[in-house]
Amino acid sequence: LKENVAEFEKRWKSIKEDDYANICYTSATTADPKGIILSHRNYTANVEQSRSTMPVPEWYTTLLYLPWDHAFTHTAGLYTIISAGASMASVQLAKTQTEAIKNFPKNIKQVRPTFMFSVPAIAKNFKKNIEAGIREKGPVIEKLFNHAIRVAKRYNGIGWDKGKGLRFLLKPYIWLFDRIIFKKVREGFGGRMIFFVGGAALLDLELQKFFYAIGIPMYQGYGLTEAAPVICTNAAHRHKLGSSGIIVSNLEVKICDEDGKEVPRGEKGEIVVKGENVMKGYWKNEEATRQALKDGWLHTGDMGYMDSDDFIYVLGRFKSLLIADDGEKYSPEGIEEAFTEYVPFLEQCMMYNNQDPYCILLVVPNKDAMNRWLVEHKIDRGTDEAKNRVLEELERQIAEFRTGGKYTEVFPQRWMPAAIGILPEPFCQENHQLNSMNKLVRDRVTEAYSERMKYMYMPEAKNITNAQNLQSLGKL
Numbered sequence: 001l002k003e004n005v006a007e008f009e010k011r012w013k014s015i016k017e018d019d020y021a022n023i024c025y026t027s028a029t030t031a032d033p034k035g036i037i038l039s040h041r042n043y044t045a046n047v048e049q050s051r052s053t054m055p056v057p058e059w060y061t062t063l064l065y066l067p068w069d070h071a072f073t074h075t076a077g078l079y080t081i082i083s084a085g086a087s088m089a090s091v092q093l094a095k096t097q098t099e100a101i102k103n104f105p106k107n108i109k110q111v112r113p114t115f116m117f118s119v120p121a122i123a124k125n126f127k128k129n130i131e132a133g134i135r136e137k138g139p140v141i142e143k144l145f146n147h148a149i150r151v152a153k154r155y156n157g158i159g160w161d162k163g164k165g166l167r168f169l170l171k172p173y174i175w176l177f178d179r180i181i182f183k184k185v186r187e188g189f190g191g192r193m194i195f196f197v198g199g200a201a202l203l204d205l206e207l208q209k210f211f212y213a214i215g216i217p218m219y220q221g222y223g224l225t226e227a228a229p230v231i232c233t234n235a236a237h238r239h240k241l242g243s244s245g246i247i248v249s250n251l252e253v254k255i256c257d258e259d260g261k262e263v264p265r266g267e268k269g270e271i272v273v274k275g276e277n278v279m280k281g282y283w284k285n286e287e288a289t290r291q292a293l294k295d296g297w298l299h300t301g302d303m304g305y306m307d308s309d310d311f312i313y314v315l316g317r318f319k320s321l322l323i324a325d326d327g328e329k330y331s332p333e334g335i336e337e338a339f340t341e342y343v344p345f346l347e348q349c350m351m352y353n354n355q356d357p358y359c360i361l362l363v364v365p366n367k368d369a370m371n372r373w374l375v376e377h378k379i380d381r382g383t384d385e386a387k388n389r390v391l392e393e394l395e396r397q398i399a400e401f402r403t404g405g406k407y408t409e410v411f412p413q414r415w416m417p418a419a420i421g422i423l424p425e426p427f428c429q430e431n432h433q434l435n436s437m438n439k440l441v442r443d444r445v446t447e448a449y450s451e452r453m454k455y456m457y458m459p460e461a462k463n464i465t466n467a468q469n470l471q472s473l474g475k476l
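Position 132 of the sequence shown, counting from 1, maps to 132 under our numbering, and the rest follow consecutively.
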């Protein structure tokens, strides 16, 4: 720069707000990513919008571990931090994101962040690691921790109603549990963590309640690259667990039906937004641009609703919907999240129904949990009996969501899977079944297991101990 000062001055002064800043290819949840044209003003507008809802003091420090090429990290992790004069550090780089995450425990102790950005897949791993650490301390500590979590969840409610009513009677217990348990858990995150910001719309409610209980709330937000990306978020001063928060400043949002008409509060429809943060269009894709941008309004393709307190609830992608043979539709994400959280033998899963007679469920099994169960029940894991028994137990765990089960009322029964298919390998970035933000790429999964999914609509596939499941399960 010292040798070319005049050229540098000329270049930066020639840049206009509406000039293209970059063409950002989505970390798509379909197999058809698009190049999203974002201008300098798109980004700066969204920085202003984000800071209006989530203030960032100069003394804040964050540790970035999500991909830097993602719009969420661009705007919230880089530009917002820079504009606020706060501090940031990056997890030590490696050949892949998965390898880089392994440096997280060491780096977090070095940086001691005050807040961090997260996505559901990472949040779940944090929770698993916390619970594993507690389990190692013995059954007495584990029971005390679980009791403390239950009490804290009861006191916190959904955040909006924290400590209200008779909940105030629990406050002395919250103080005690924080001193003897939760403070030590937070030390694992460097000891200064105040909160997480969640960057994906669908974060399991129980997962949010867990982090709120240990004293590091996960304030969930919602956005998409086409909006640079932040649309709404929860924050310390105003939040409801289970929601995606309130709309950022200088942004119009409405919920519309299939005809583009705005629906009343509380009714479901497509989330449609308008503001300076909305993209210019898709690179060399006029048809997709016309479909997404209509009269300045961005049609997100996401289904949701707005409650009477202005909180947005995101229910899922229209393209991901389960479609019954009579045309009725339902979002699968909530069911998948619940199965992942409450079915011990299930590590990952994907629901599917495209106008078929019933829903099917693809499952990546949790073999560690299966093997622990076999040991507890004194069953030799190298036998055919072991395979049959763990598959039957998996089916029993999923059946808790059916009529008469522990979670009967959570989801409509017609969307419960009639056939369960065991997969031979996990969804991951290497097989392109997860994107860079660890979101499921449904088209890739459907393509990879198309023959298997056809088989799951045959009568014998409804028996979970069918030959294909036994083969896919492999060695325990």
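Quick reminder that beta carbons are idealized off the backbone N, C-alpha and C, glycines included.
Item: Whole-angstrom C-beta distance between Leu374 and Leu476, which should lie under 8 angstroms; Value: 7 angstroms
Item: contact_flag[the stretch 266 to 277, the stretch 250 to 258] where n(CB pairs < 8 angstroms) is 3 or more; Value: yes
Item: Reference Gln355; option with closest CA among Ala324, Glu376, Ser331; Value: Ala324
Item: C-alpha gap between Leu66 and Ser118, whole angstroms; Value: 7 angstroms
Item: Contact under 8 angstroms by Cβ, Met350 with Glu337; Value: no
Item: For Arg444: DSSP bridge partner residues; Value: For Arg444, which the question treats as bridged, DSSP gives no partner whatsoever.
Item: Pair within 8 angstroms by beta-carbon distance, Lys274 and Trp297; Value: yes
Item: Opening and closing residue of the alpha helix (DSSP H) in which His237 lies; Value: Unbroken run through His237: none, as it is neither H nor E.
Item: Segments assigned beta strand (DSSP E), at least 3 residues, entirely inside the stretch 172 to 212; Value: 195 to 198
Item: For Gln413 and Glu328, the rounded distance between their alpha carbons; Value: 13 angstroms
Item: CA-to-CA distance, Ala213 to Gly163, given in whole angstroms; Value: 12 angstroms
Item: Whether Gln49 touches Val263 by CB criterion (8 angstroms); Value: no
Item: Residue(s) in a DSSP beta bridge with Lys274; Value: Glu252
Item: Buried versus exposed call for Ser243 [16 or more other C-beta atoms within 10 Å across all chains shown]; Value: buried
Item: The stretch 279 to 297 touching the stretch 35 to 45, judged by at least three CB pairs closer than 8 angstroms; Value: yes
Item: Helix, strand or coil at Arg317 [DSSP, three-state]; Value: strand
Item: Runs of beta strand (DSSP E) lying entirely within the stretch 13 to 101, each at least 3 residues, in chain order; Value: 20 to 25, 35 to 39, 61 to 64, 87 to 90
Item: For Asn129, the three-state DSSP class (helix, strand or coil); Value: helix
Item: Sequence-distant residues of its chain with Cβ nearer than 7 angstroms to Phe189 (five each side left out); Value: Ile108, Ile216
Item: For Gln471, three-class secondary structure by DSSP; Value: helix
Item: Meets three-Cβ-pair contact criterion under 8 angstroms: the stretch 438 to 455 and the stretch 418 to 429; Value: yes
Item: C-beta atoms of Asn388 and Arg381 nearer than 8 angstroms; Value: no
Item: Meets three-Cβ-pair contact criterion under 8 angstroms: the stretch 81 to 96 and the stretch 42 to 59; Value: yes
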